[in-house]
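S.K.:
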């Protein structure tokens, strides 16, 4: 039986995209780059699409041939090689959309994360019951098994917050998201108590933007900033109605870093935020 070739992961695609950017910065087309590297135009194109795995040494040689002198970036790119690493999320490959699997892979490799939410609470901080209510409300409606698959997937993603080296997480949550009362008082109260418990963890920061804080640069969609091995390799994920949108160009990254920074200036301190979450939970 022929072995099924799996599509490139988002990490492989990002490596290829960064090598393409280095080539373009060197003012080389793919044919010229192939000649410079002792390869071919088709091989260069395959590498840049993430379809052809390359070694760490090959990445270093390619980056230097393109005139890159940023050693930390070169080493970070070299660290993204090694072929296709299978993760727990591959169990869901025939069940969930590819963008959802991409998100789990990005979270797995992130050095740190910043999240800003206005309407919904971050998926990484949701309880199972809260997640089920949210997922059950999507359009078009999902079947009960599909809902449970997505709920279990969301809960498994939260493993990055636990263990010996949990991922640092800084969240900004608007007061509106705390007051949505999804699932009724019992589910909402349990969710807020869970959020309070997590906010006590050393590696998790929760800050609330209260009503009346003024305008801020967000359309209401969740913003997730995932830190790479070096800032150049950061990624922003926007949670849109049509699914996840991943951004990784330097202007895009700069824009959303600035957006998160501006939102942070409107937020309460972590202690003040915990007090507000506690008051809202008591009022349910």
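In our numbering, the protein residues as written are 15 to 298.
No residue lacks a Cβ here, since even glycine has one placed at the ideal position from N, Cα and C.
Since this is a predicted model, take the numbers as computed values, not measurements.
Quick check on the burial criterion: 16 or more other C-beta atoms within 10 angstroms. Buried or exposed for residue 18?
M.R.: What you label residue 18 is simply residue 4 of the chain shown in a count that begins at 1. Because residue 18 carries a pLDDT of 46, less than 50, the predicted location of this residue cannot be relied on, and the following value inherits that uncertainty. Result: exposed.
S.K.: Mapping DSSP to helix, strand and coil, what is residue 17?
M.R.: Here residue 17 refers to the residue found at position 3 of the chain shown. With a pLDDT of only 44 at residue 17, under the threshold of 50, the placement of this residue in the model should not be trusted; the figure read from the coordinates follows. Residue state, collapsed to three classes: coil.
S.K.: Distance, Cα to Cα, residue 56 vs residue 76?
M.R.: For the purposes of this step, residue 56 is taken as the residue at position 42 of the chain shown. For the purposes of this step, residue 76 is taken as the residue at position 62 of the chain shown. Distance between the alpha carbons of residue 56 and residue 76: 15 Å.
S.K.: What number of angstroms, rounded off, separates the C-alpha of residue 85 from the C-alpha of residue 28?
M.R.: Mapped onto the chain shown, residue 85 falls at position 71. Mapped onto the chain shown, residue 28 falls at position 14. If you take the alpha carbons of residue 85 and residue 28, they lie about 18 Å apart.
S.K.: With 16 other CB atoms within 10 Å as the buried threshold, where does residue 253 fall?
M.R.: As a working note, residue 253 is residue 239 in the chain shown. Buried.
S.K.: Which value, in whole angstroms, describes the spacing of the CA atoms of residue 64 and residue 40?
M.R.: In the chain shown, counting from the first residue as 1, residue 64 sits at position 50. In the chain shown, counting from the first residue as 1, residue 40 sits at position 26. Roughly 20 Å separates the two Cα atoms.
S.K.: Drop a sphere of 10 angstroms on the beta-carbon of residue 181, count the other beta-carbons inside from all chains shown, and report buried for 16 or more, exposed for fewer.
M.R.: Taking the chain shown and counting its residues from 1, one reaches residue 181 at position 167. Under this definition residue 181 is a buried residue.
S.K.: Buried or exposed for residue 195, going by 16 or more other Cβ atoms inside 10 Å?
M.R.: Taking the chain shown and counting its residues from 1, one reaches residue 195 at position 181. Under this definition residue 195 is an exposed residue.
S.K.: Please classify residue 102 as buried or exposed, where buried requires at least 16 neighbouring CB atoms within 10 angstroms.
M.R.: The residue given as residue 102 occupies position 88 in the chain shown. Classification of residue 102: exposed, given that the 10 Å Cβ count is below 16.
S.K.: Out of 149, 54, 170, which one is the CA nearest neighbour of residue 160?
M.R.: By one-based count along the chain shown, residue 160 stands at place 146. Minimum Cα distance to residue 160 is reached at 149.
S.K.: Quick one, are the C-beta atoms of residue 190 and residue 132 less than 8 Å apart?
M.R.: One-based indexing of the chain shown puts residue 190 at position 176. One-based indexing of the chain shown puts residue 132 at position 118. Yes. Within cutoff.
S.K.: Could you tell me whether the Cβ atoms of residue 282 and residue 221 are closer together than 8 Å?
M.R.: Working through the chain shown from its first residue, we reach residue 282 at position 268. Working through the chain shown from its first residue, we reach residue 221 at position 207. Yes, the Cβ-Cβ distance between residue 282 and residue 221 is below 8 Å.
S.K.: Going by DSSP in three states, residue 256 sits in which element: helix, strand or coil?
M.R.: Within the chain shown, numbered from 1, the residue matching residue 256 stands at position 242. Note: residue 256 maps to coil in three-state DSSP.
S.K.: Just list the beta strand (DSSP E) runs in the segment 158-222, keeping only unbroken ones of 3 residues or longer that don't cross its boundaries, in chain order.
M.R.: Segments of the beta strand (DSSP E) lying fully in the segment 158-222: 183-188.
S.K.: I'd like to know whether the C-beta atoms of residue 238 and residue 169 end up nearer to each other than 8 Å.
M.R.: For the purposes of this step, residue 238 is taken as the residue at position 224 of the chain shown. For the purposes of this step, residue 169 is taken as the residue at position 155 of the chain shown. Their beta carbons are not under 8 Å apart, which means residue 238 does not touch residue 169 by this criterion.
S.K.: Can you say whether residue 15 is buried or exposed, counting buried as having 16 or more other CB atoms within 10 angstroms of its CB?
M.R.: Along the chain shown, read from residue 1 onward, the residue named residue 15 stands at position 1. In this prediction, residue 15 has a pLDDT of 38, which is less than 50 and means its spatial position is unreliable; nothing more can be read from the coordinates.
S.K.: Quick check: the segment 223-231 against the segment 262-278, are there 3 or more CB pairs under 8 Å?
M.R.: Enough Cβ pairs lie closer than 8 Å, so yes.
S.K.: Ends of the beta strand (DSSP E) at residue 115?
M.R.: Looking up residue 115 in the chain shown gives position 101. Taken as a continuous stretch (DSSP letters only), residue 115 belongs to no beta strand (DSSP E), being part of the alpha helix (DSSP H) at 112-123.
S.K.: As an exercise, report each continuous alpha helix (DSSP H) stretch of at least 4 residues that is fully enclosed by the segment 58-111, in chain order.
M.R.: For the segment 58-111, whole alpha helix (DSSP H) runs of length 4 or above, ordered along the chain, are 70-79, 85-92.
S.K.: Rounded to whole angstroms, what's the CA-CA distance from residue 240 to residue 259? Just pull it up for me.
M.R.: Counting from one through the chain shown, the residue named residue 240 turns up at place 226. Counting from one through the chain shown, the residue named residue 259 turns up at place 245. Taking the straight line joining both Cα atoms gives about 13 Å.
S.K.: Taking residue 175 and residue 218 to be in contact with their CB atoms under 8 Å, please state how far apart those CB atoms are, rounded to whole angstroms.
M.R.: As a working mapping, residue 175 is identified with position 161 in the chain shown. As a working mapping, residue 218 is identified with position 204 in the chain shown. Yes, they are in contact, since the Cβ atoms of residue 175 and residue 218 sit about 7 Å apart, within 8 Å.
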